[in-house]
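Per my numbering, the sequence shown starts with residue 6, numbered consecutively.
Everything below concerns the one structure shown next.
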Amino acid sequence: MLQLHSLLAKVGPKDRKLGVKARLSGALNITINLIKKNLQNVKLLLPCLQVLRVYSANMVNAISLGKSGAIEIMFKILAPYSKKNTSLLKVAVDALAALLKSKTNARRAVEAGYVPTLLALYMDWHRNDTWHRHTAIRKGLLGCLRNITNTKVGRKAFTEADGMRILYNSSSECLTVRTLDPLVNTSSLIMRKCFPKNRLPLPTIKSAFHYQLAHALASGPVAQLYSQPPGEQQHTVKSVPTGRTNAQLCIEPLKKVDDVVDDSDDNEDTEADTENDTENEEDEKDPRSLNDDIEKDINKLHPQKSPSRPFEELRVYERFFVELSEDFQGYNFDRSTTSSSSSARTPRTVIVPTAQALSPNHVTTQSSPVLCAPPKGQDPQSLLSAAPALQLDTLRFSKERNKKEEAEQELSHVLECVSLKTEESLNIDKQKGSPISTQRLTQSPLLLEGIAIRCLAGGGGGSDCGSEAAEDEGAVLEVPDTAQLLPLHDLDLYVDMVKGTHSVPQYTEVAYPDYFGHVAPTFREPLLERVYGVQRSKIFQDIERLIHPNDILDKIVYDLDITSCPVIESDGESLKFNSQFESGNLRKAIQVRKYEYDLVLNSDINSNHHHQWFYFEVSGMRVGATYRFNIINCEKSNSQFNYGMQVLMYSVQEAISGRPRWVRTGTDICYYKNHFARSSIATGGQKGKSYYTMTFSSSFSHKDDVCYFAYHYPYTYSSLKMHLSKLEAMRTPEIYMRQDVLCETLGGNSCALLTITAMPESNSVDHVCQFRNRPLIFLSARVHPGETNASWVMKGTLEFLMSTSPLAASLREAYIFKIVPMLNPDGVVNGNHRCSLSGEDLNRQWQNPNAELHPTIYHTKSLLQYLTHTQRAPLVFCDYHGHSRKKNVFMYGCSLKETVWQSNISAASSDLHEDLGYRALPKILSQIAPAFSMASCSFVVERSKESTARVVVWREIGVQRSYTMESTVCGCDQGKYKGFQIGTRELEEMGAQFCVALLRLKRMTGLHNHQHLLDLESDLIGTQPKAVSSCPTTYVMDEDEPSFLEAIDYSAESNDEDGEADNEAGAGGREIPETPDLRPERLSDSGSGHDAWKCGPVASQ
């Protein structure tokens, strides 16, 4: 039998079915009995255990062996630390770990009390194996614990045996030895699995604000929210019967918590195998499974034959296309403004930034106003009556220094809690030689209609409204005049635009960054190099909370759920937070250690998830101290924060010193799964789905500074309105520009529709005919509020179109542009990440939009349907988006052939007739735009994207060149910007390069007749790109990042129910890089079209 088992031990690992054969032949019991009789015979025991290890790899065999007493036998063989028989012990530990993969065996081991035994054995080997020669045995013992803790009873037994403290202490001793990383990682995984699953520290995971829809939804997640008892809707905004636009807050009591944690055994297995053991799980999947979402129905890949709506319904949209019938006889170039019902709204008090008294040798700023208590014994209402609130409509700015005295007199009766910035300090700032030399003086109303007085507290601590500060007579803020650097930014105009912006919480504050503006830095910011072990150290700090709970402060410092006073006054030892301004998102801040804070983001309104976008203010910091911020309710399974991306910070001190800009900041950044979880009730059936933590550390350089943190460069709805107003003022007589109000949103904000082209040379018949017959380009952006980079790209496009450059003039003469620059104003205003006020992703409503619930999508689609009926379908449709899990800028398009090819379905050649023109525009962009990557593009149509703008416009409107253009929130890994994070300068450049590409497309298509277009574009495109790997498909996954030395803790099991653009399939494989130095300047407005294409060769494939 010894020789036989020795032979089986060698053959077994090579025969995957050996275990099944052994069970069917009854050999399992023979091996078990042989082991029982020879426990002291090491020579015979070793091959038997090797065979048992092979048998146990089969789950059925493992269960059968467990019933036969194999678990008990293994614990008789295992022994404390010894230098003898280590090979035997290693095989025995591996066999036991294989047996314990069966949950039945794991429960049997728990019931027999073996968990404390395993912990004792591990600690014995840990203490005595000082030279680390037997780490394989130690790792095997941890593997046994890991399998046992996959069950609920195993986790309970592990915790009761003080396993958390044992593994924490042993792992802490191993951190300095790099070769012991496998032990540390496995210990970390076990501890995190056994860390008690907690619910978020919120009364409900639904948004802190709720908008009552006038038309209830029949189904879907929003309908489920409405079907819950009224008590679950914490902050309810009910519509007044006269219309949806007059929303008022109505607070209802909270009766029930909606997210209890599931206690089950089946929610950990996938996580256990993917968190640390598998760096890129996607690579291990069967490639065929990647194609499951690809559309395989040929009928759905062809344009619809019949229009979906009768022309009579669409005739009302003719008023948005007056340029197509205009004869320009006596044409008036003045734009007629469409009035909005919002102008009739009651004016609100808006708080605008101001400053505190400054010492002659130090520049300080103030945080945005915070709630402060009235003097002791005095009623807050008496203060309000004594000092009436200044309405927003009465706010004016003093642009000249000689108006300072008049401005102070106007506001002296209401600025009770504000210090006056002295003239001496203003002069000092001048002497410092700020890059922005011109100064502006502005004042701010500080009273909020309602509960209490808004006053400005110093950065280091709170102030009282009845303190000495009340003796100051007025406040003047030194504001940098950025007019020369930001021609589209105007402080006065921005405040005017804020007046007409309507939010659900009725925001009355203006954030400093939006008020001052952002001047892009002249330097590029490199991707952050990930420090080895940073994730592990952060996880261990989290585990310390359970090991040493007395060290945790657990102090709430900001809470939107406390509607009367979200900003909680402190003793000056805590930071102050605020997010009550346009596009702001921070729901709760909890101080857990002196310099560490847990932050909870607010869900999208009418939703209980979509946590990604954040934008909040911090003040009261200490110079030199390093603060750690943990955003604990992220939902994506991975993030570019693991791959070099940093958060953005805006310093008011820096802005007043002449550097108003967002900068990348943060160290020790990582993104990992935490111990907070949602129940199946909260996730619609997905049991125990975990949240993720995005953590970063930051220090501050200025005393009494006010800083803002954001996920990406903010771009508010009010900023868009300001920019459009400035662009219209820049219009020259040669430019035809018209701004219409396409519709009004649920929240009462206007959705703008722009028309831009060149005026005809004259009103002659020929010139007017040429004007009317220009092809149309339809652009849209910002359907997802959190994708602010899309607005920056759109800003670049609009500025280029309105510029006086010869290229822009040629482009306007070539096309008529119809542009919807912001499809989801309500989501942007209210700080949502993905949804509108209906609680739905508007980019999943294009198939059948509802005019009441999705007005912007309904009317935008109607515009396109009208164009189809009039035989004027756009030449190009492009929807600007942002991508959170890939680098570079790239496009998604629609191709019948590529979809069929990827799905491997059979189709007749007649069904696959397709012009290759859809590839031309992205190919041009890959040549001229340094941030654009053709390798990341995809033209596959997926089932999950059939209701997106790109697919619907391609399928129903018949636009062959229908695209989604995705811009990274992180940076680039190719081309000129390789290794750098993307900024607003690069994003705006991308918008301008898109325009140049359209001009090249026009010149290219004008070279030949239409029948030769296919050949021309085929020459441009070249051969098929090379595949990235040996995979039979070039279908690129979402996360295509290289592996780190340190295991990245994310799992791909979460289903990202948003299915956002992040889940768009990638493209055909990677190409040889294009010539990097091609620039639009090389285009010439004169000469033949052939010359325009001679600016560089197309890279060979």
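Backbone N, C-alpha and C define an ideal beta-carbon position, used for all residues, glycine too.
Remember, it's a predicted structure, so these values are computed and weren't measured experimentally.
Could you say which of the options lies nearest to residue i if we only look at CA atoms?
| i | options | result |
| --- | --- | --- |
| R736 | H680, K694, A814 and E659 | A814 |
| R183 | R132, T140, G629 and L51 | T140 |
| Q850 | A954, S867, L880 and S767 | A954 |
| L551 | H137, N174 and S87 | N174 |
| L803 | K81, R890 and F999 | F999 |
| E919 | G963, C977 and T672 | G963 |
| S941 | V958, G922 and Q979 | Q979 |
| S1109 | S644, D609 and S703 | There is simply no residue 1109 to check, as the chain begins at 6 and stops at 1106 in what is shown. |
| T904 | E951, Y863 and K108 | E951 |
| S508 | R143, V96, H864 and N829 | N829 |
| E318 | H874, K902 and H553 | H874 |
| G118 | R777, F163 and S542 | F163 |
| S177 | S900, R132, F646 and Y600 | R132 |
Excluding five sequence neighbours on each side, which residues of the same chain lie with their C-beta closer than 7 Å to the C-beta of residue i?
| i | result |
| --- | --- |
| D99 | R58 and G145 |
| V158 | R112 and V115 |
| K81 | L44 |
| Y322 | S867, L868 and Y871 |
| A102 | G145, G148, C149 and N152 |
| L49 | L7 and N43 |
Which residues in the same chain have their Cβ closer than 6 Å to the Cβ of residue i, if we skip the five residues on either side of it in sequence?
| i | result |
| --- | --- |
| I544 | S193 |
| D291 | Reliability fails at D291, whose pLDDT of 42 lies under 50, so the model's placement of it is uncertain and no value is given. |
| N38 | none |
| A660 | F521 |
| I595 | I561 and D603 |
| E766 | H772 |
| R598 | none |
Give every residue of the same chain whose Cβ lies closer than 8 Å to the Cβ of residue i, excluding the five residues on either side of it in the sequence, and list them in chain order.
| i | result |
| --- | --- |
| G887 | H717, H789, G791, E792, T793, N794, A795, E971, S972, T973, V974 and A1066 |
| L185 | H137, T140 and C179 |
| S534 | Correcting the residue type first, residue 534 is Glu in the shown sequence and not Ser. These residues qualify, in order along the chain: G649. |
First and last residue of the beta strand (DSSP E) that includes residue i?
| i | result |
| --- | --- |
| V4 | The structure shown does not extend to residue 4, since the chain is modelled only from 6 to 1106, so the question has no answer here. |
| W667 | W667 to T670 |
| N635 | T631 to C639 |
| V894 | V894 to Y897 |
| V25 | Not the beta strand (DSSP E): V25 falls in the alpha helix (DSSP H), residues L23 to S30. |
| K81 | Unbroken run through K81 is the alpha helix (DSSP H), A75 to I82; no beta strand (DSSP E). |
| R966 | R966 to T973 |
| A715 | V711 to A715 |
| N583 | K581 to N583 |
| L781 | L781 to A786 |
| A594 | K593 to R598 |
Just checking my contact of residue i with residue j at CB under 8 Å: how many whole Å lie between their CB atoms?
| i | j | result |
| --- | --- | --- |
| K106 | M79 | Actually they are not in contact, since the Cβ atoms of K106 and M79 sit about 13 Å apart, beyond 8 Å. |
| M626 | Y620 | Not really, about 18 Å apart at Cβ, beyond 8 Å. |
| L858 | L218 | 7 Å |
| V572 | L207 | Contact flag wrong, Cβ pair sits at about 18 Å. |
| A682 | K15 | Their Cβ separation, rounded to whole angstroms, is 46 Å, which puts A682 and K15 out of contact at 8 Å. |
| G844 | N635 | The Cβ separation is near 27 Å, so there is no contact. |
| A75 | G24 | So it is not a contact: roughly 13 Å between Cβ atoms. |
| K731 | L901 | Between L901 and K731 the Cβ distance is about 43 Å, and since that is not below 8 Å, they are no contact. |
For the alpha helix (DSSP H) that residue i lies in, which residues bound it at each end?
| i | result |
| --- | --- |
| T904 | L901 to S908 |
| Q540 | V539 to I552 |
| I153 | T140 to I153 |
| F805 | T793 to L806 |
| F999 | T989 to T1010 |
- Pair every Cβ in the stretch 575 to 590 with every Cβ in the stretch 494 to 511, then say whether three or more of these pairs are closer than 8 Å. yes
- Query: Does the count of Cβ pairs from the stretch 177 to 194 and the stretch 147 to 155 closer than 8 Å reach three?
  - Reply: yes
- How do the stretch 929 to 941 and the stretch 878 to 898 stand: do at least 3 beta-carbon pairs fall below 8 Å, yes or no? yes
- Is there contact between the stretch 818 to 836 and the stretch 757 to 770, where contact requires at least three CB pairs shorter than 8 Å? yes
- Counting Cβ pairs, one atom from each stretch, are 3 or more of them under 8 Å apart for the stretch 984 to 995 and the stretch 526 to 540? The count of Cβ pairs closer than 8 Å, one atom from the stretch 984 to 995 and one from the stretch 526 to 540, reaches three, so the stretches are in contact.
- Message: With three or more C-beta pairs closer than 8 Å as the rule, is the stretch 777 to 789 touching the stretch 871 to 879?
- Response: yes
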